[in-house]
Every structure is written in structure tokens, then in C-alpha cells.
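Asker:
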Amino acid sequence: GVEVPRPVAVTDKVLIMSFLDGLPLTKMRHAESQEKLLRLWGLSERQAKKMQARGIPQAAKKREVRKFLEKVADAWGKMIFGEGLFNGDPHPGNLLMMRERKAGLLDWGQTKQLTEAQRADLARFYLTLRRGTREEIASAFNGLGIRVSDEEAMDTKFRLACALFDTAAEVDGEKLEMNPFEKGALLNSAAVTTFPPDLFFVFRSVQLMRGISAALDVPFSLSGQWERHAQSAWKDWLAKEKKQDRDGEHHE
228 GVEVPRPVAV TDKVLIMSFL DGLPLTKMRH AESQEKLLRL WGLSERQAKK
278 MQARGIPQAA KKREVRKFLE KVADAWGKMI FGEGLFNGDP HPGNLLMMRE
328 RKAGLLDWGQ TKQLTEAQRA DLARFYLTLR RGTREEIASA FNGLGIRVSD
378 EEAMDTKFRL ACALFDTAAE VDGEKLEMNP FEKGALLNSA AVTTFPPDLF
428 FVFRSVQLMR GISAALDVPF SLSGQWERHA QSAWKDWLAK EKKQDRDGEH
478 HE
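In my numbering, the protein residues as written are 228 to 479.
1) Since Ile-307 and Leu-341 are thought to touch, with beta carbons under 8 Å apart, how far apart are those beta carbons, to the nearest angstrom?
2) Counting beta carbon pairs with one atom in the stretch 438 to 457 and one in the stretch 291 to 306, are three or more of them shorter than 8 Å?
3) Alpha carbon to alpha carbon, how far is Val-237 from Ile-243? Give it in angstroms, no decimals.
4) Which one or two residues does DSSP pair with Leu-332 in a beta bridge?
5) For Val-292, which of helix, strand or coil comes out of DSSP?
6) Val-419 by DSSP, collapsed to three states: which one?
7) Can you give the Cα-Cα distance for Thr-421 and Leu-403, rounded to whole angstroms?
8) Kindly provide the ranges of any alpha helix (DSSP H) runs that are 4 or more residues long and lie completely inside the stretch 338 to 408, ordered along the chain.
9) Please name the residue in Gly-249, Lys-277, Ala-390 and Met-381 whose C-alpha comes closest to that of Gly-320.
10) For Thr-383, does the count of other Cβ atoms within 10 angstroms reach 16, so buried, or fall short, so exposed?
11) Can you pull the DSSP bridge partners for Met-255?
12) Alpha carbon to alpha carbon, what distance is there between Tyr-353 and Trp-464?
13) Just grab the DSSP bridge partners of Met-244 for me.
14) Taking 8 Å as the cut-off, decide whether the C-beta atoms of Ser-440 and Leu-296 are in contact.
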């Protein structure tokens, strides 16, 4: 499950929200936080102290972190493709690991609302990203309104689509390098010349999750987590379009 703070009191200048007890991802590696982390995972105080003394197995930690990230990604998928209103700031300090393996989502001061049409375009893009060929994915990337300096570089567009909107560190065995100071950086081979402002917070959310995945060395597929939400949004859009067509024929 996912928990969010609830408004307690609101004025023109102050927003007071309920307290969520948990461990921010930024503190997960701190030695003094290990016992609390284990307690959040459901261990008793005695069990936690015993495991802390031995050292938490890396495999167990990565397994728990992957489940947590998948839960967070699923929540963002529901927000983006469901209502279209989502938190645009999922950095590690705003993500809490809580008891009963719940995820806490903090800081709702930065949000974005997408229209139905924008959600449909994004849904179509993510379904293509999951199932399409390189050429189809590059075309879907164009369909989002993004332009690059070399419009003929279809393979670069494909790799940019994967790097900008998914969390995979590599595709087909090829590393997706986003750091502009590293050799082979994608943005050095084809600069993005046009990027729709309404997509910025989607891109930001993806990149923050990509950074968390890389920093904690826990690979996971954001597009995989979002696929079912994208599928649902796309079906709803097609159903609405079909109904509008029927209504138009009826009025004629």
C-alpha cells in the first residue's frame, strides 16, 4: 500500500499535514538507520539487533528495495494515467519506507495535471515502448512532440526514448549514458531541440526514479510497471472516441 500525508490545517501561507513515520530512502544506507529499517520490514527488536550485528544480506536488501520502488512506480502510474494529476517531485527524501512494507509519499507542493488527450498520447507511447520495434518507438517519440537536432537519426531517437522515459540502464546490451560528461552520452550525439513543457514533470519523475535505481544498484523496469495503467488509459480513450463517433452519426 501507499500512504500520503493528509491536510490538517490550511491558510493562505501555511499548510499543515499529518505526520508519516518511516525511513527516507536518503537514510537507508546510514549505519544508524539499519535497525529501524529492519523493524520496518517486520522484524522484532531482538531479530533486528541480531541481523544488524551480522550485517543485512545485500540480496535481501535489494529485494526489499526493488519491491518498494515497484510500489512507488505503480503509484505514479496510477496518478499519471488515471486522474492525470501527479506529484512531480519523487526524489529519495520524499519517499519513505514504512511499516507493513508501505510506501510514504511526501511533499505535494509540486504537482502537474495532464489532460485526457495528453494521457492518451503518453499511454500510446508507453505501449509502443513496451511492444514496438525500434522504428515504431522512434516514431512514437516524435509523436510526443519531441524534436532532436538530427531528425533522421532514428536509432538515436529510439535510444533517447528509452533513456528519457524509462529506467533501464541499457537496451539490447548497450548502455544508455545520460551523463553529458561521459563518452558516448546520448545528448551529445543528438541534442533535444524541442520538448513539450507539459511533459517535463513526467520526464523529471522518470529520471528521479532512474537515479534511485542506479544509486541503489537495483534495476527495475518503470515502463513495465506502467504498462497496465497505460493500457487502461488507452482503452478508455478509444472507448470515448468511439462513443463520440456514434453520437456524431446519430445527430447527423
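Backbone N, C-alpha and C fix where the C-beta goes; we use that ideal spot for every residue, glycine too. Note that the structure is predicted; figures quoted are calculated from it, not measured.
Answerer: Working from what's here:
1) Your pair Ile-307 and Leu-341 checks out as a contact, with CB atoms roughly 7 Å apart and the cut at 8 Å.
2) The way I'd put it, the stretch 291 to 306 does touch the stretch 438 to 457; three or more beta-carbon pairs between them come closer than 8 Å.
3) Distance between the alpha carbons of Ile-243 and Val-237 is about 6 Å.
4) Note: Leu-332 sits in a beta bridge opposite Leu-322.
5) Helix at Val-292.
6) If DSSP states are grouped into helix, strand and coil, Val-419 belongs with the strands.
7) Rounded to the nearest whole angstrom, the CA to CA distance from Thr-421 to Leu-403 is 21 Å.
8) As far as the stretch 338 to 408 is concerned, its whole alpha helix (DSSP H) runs of at least 4 residues are 343 to 358, 361 to 370 and 381 to 392.
9) Comparing Cα positions, the closest option is Gly-249.
10) Its Cβ being crowded by 16 or more others within 10 Å, Thr-383 is buried.
11) Answer by DSSP bridge pairing: none, since Met-255 is not bridged.
12) The alpha-carbon separation between Trp-464 and Tyr-353 amounts to approximately 14 Å.
13) Looking at the DSSP assignment, Met-244 forms a beta bridge with Pro-234.
14) Yes.
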